[in-house]
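The letter at position 151 of the sequence shown is residue 151 when you use UniProt numbering, and the numbering goes up by one with no holes. We put the beta carbon where it would ideally sit given N, CA and C, even for glycine. The structure presented is a predicted model; accordingly, all values stated were derived computationally and were not measured.
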Amino acid sequence: MTKCMSKRGLAMPSAADARNPRADDALFGTGARELSVTLPTGYTVTANSDGCLASAQQQLYGDLRSWFRAQTITNNLRAEAESRMSRDPAYRAAVDRWDRCGTGRLPDAERCHQQSGLVVLRALLEAGQLRQVRALHRGDLALYRELRIRAAERSAEVLAHAPPR
C-alpha cells in the first residue's frame, strides 16, 4: 500500500492524523462502487476497486470480487443470525416481556432479564441460528478460509524476497 500511496504523491496516514480527503480517496478509491454484496439481512455493502486498499487486496487474495463477497458475508454472519432470531415468535415474546418490565417507574435490567427469560432464550436461539447460517454459507466460509491461507502464503513469499531494511 505504501507504493500505491507514494505513486499518488501521498504517504500512508497515521492513526493520529486527521482525516485527509485525498488520502481517503487514494486508500478507498473514488467514483462508482464496483464491488457490491446484498446480504440476507437486506443491507447492501459496496466498495470501490480503484483504491490502494483494493489493489493490496487484489495482490494478496487474487480474485478481488470473490474476496469481497466472502469477507463481507463472513463478517456479517452474526447479524444474519440475529435477524433470523428476531423473527422467532418466542424471542419476540421475550423482548415484549422485557420491554414491559423495563418501562416501569424503577426499571431494573437484572430483574427484567430474569422475568423475561430473554438472556437465556437469546443464548439458546443464537447458537442454533449461527449453526444454520454457517451451514447456509459454508461455500463462502470455505472460500474465505482458502483465500486467507493463500494470502498468508503470498505474504510470506513477498517478505522472504523483500530487501533488508
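Please classify Val133 as buried or exposed, where buried requires at least 16 neighbouring CB atoms within 10 angstroms.
Buried: at least 16 other Cβ atoms inside 10 Å.
Span of the alpha helix (DSSP H) around Thr72
First-last of the alpha helix (DSSP H) with Thr72: 64-75.
According to DSSP, simplified to helix, strand and coil, what is Thr30?
Here Thr30 sits in coil by DSSP.
Since Trp98 and Leu118 should fall inside the 8 angstroms C-beta cutoff, what is the C-beta to C-beta distance between them, to a whole number of angstroms?
That pair is a contact at about 5 angstroms.
Among His137, Ser14, Leu159, which one has its Cα closest to the Cα of Arg69?
For Arg69, the nearest C-alpha among the options comes from His137.
C-alpha distance - Asp108 paired with Gly102, whole-angstrom precision
One C-alpha to the other measures close to 7 angstroms.
Taking the alpha-carbon positions, what's the Ser155 to Ile149 distance?
Our two residues, Ser155 and Ile149, have alpha carbons roughly 10 angstroms apart in a direct line.
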